[in-house]
Structure formats: C-alpha cells, structure tokens
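Heads up, the thing below is written out as structure tokens.
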Ligand code: SF4
Ligand code: F3S
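Numbering (our numbering), first residue to last: 79 to 189.
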C-alpha cells in the first residue's frame, strides 16, 4: 500500500504534506507534487495535512492511474523535503507593501 497525490494538487502546492513525511518521498514538478509509491511507508501522516484533499491511499477506488503517474514522475522530478511556497508568498507580500507605500508617497507629493 502507498499514498499518492492526484489532480487536486495541480497549481496548489501548499506543501504542508512535505513537512511531515518521515521518509522524504515527495517529489516536485512544475505545478504539482507526487509521492514515490515504493518509498512511501504508508504511515498516512500526510493525508490530513493537505487542505485540498489531494492525497489518497491507493486502496481507494480508481487510484491505479494515479499510482502509475506518481511512480513515473517521482523517478524524474527532484525530491522536496521543505515547504517553499511560504517564502514566495512572503516575497509577493513584501513587494505589494513596497508598491503601496510608493503609491502613497507619490500621492502625497502630488498634493
Ligand atoms: Fe510520506 Fe507517510 Fe505520506 Fe507516505 S503516507 S507520503 S510515508 S507521510
Ligand atoms: Fe499538494 Fe496538498 Fe501537498 S495540494 S503540495 S498534496 S498539501
């Protein structure tokens, strides 16, 4: 048995899942993650961490194609062991804040 990631993960990448995996078996593509089915020890810790319910046990119905997809890409993509999205969010937040301050300053100068 293994856990796998399905299409709900596409473009999400919350990455709460990678932080809890004890065997570091998540792999990162451009717009989603996958789990290596042969490395996953079936502990189930990651499943409740995903806010969009993208992680499933392969014992659920219709998961065969996702197991193959996860296996295929986990052998190509790099491993990911730490959440990265937060960093991106913080950077975007900072830029917005700087832009906002700049706009406010500009408005004051124009008065
Ligand atoms: Fe990692 Fe456990 Fe999730 Fe498998 S079930 S991917 S071992 S956290
Ligand atoms: Fe994807 Fe869920 Fe992890 S959206 S990155 S599987 S927390």
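Where a beta carbon is used, it is the ideal one built from N, C-alpha and C, also for glycine. Remember, predicted model here, so these are calculated numbers, not experimental data.
DSSP lists no beta-bridge partner residue for residue 127. As a beta-bridge residue in DSSP terms, residue 106 pairs with 111. Spanning the alpha carbons of residue 149 and residue 114 requires a straight line of approximately 5 angstroms.
The beta carbons of residue 104 and residue 95 sit about 6 angstroms from each other, so the pair counts as a contact at 8 angstroms. The set of residues whose C-beta lies within less than 7 angstroms of a heavy atom of the ligand SF4 reads, in chain order, 80, 81, 95, 98, 99, 100, 101, 103, 104, 113, 118, 119, 120, 121, 122, 123, 124, 125 and 133.
Taking residue 86 as the centre and dropping the five residues before and after it, the same chain places the C-beta of 130, 131 and 132 closer than 7 angstroms to its C-beta, in chain order. When distances are taken from the beta-carbon of residue 85 to the heavy atoms of the ligand F3S, even the shortest one reaches 7 angstroms or more. Inter-residue distance for residue 147 and residue 102 is about 18 angstroms (C-alpha atoms, whole angstroms).
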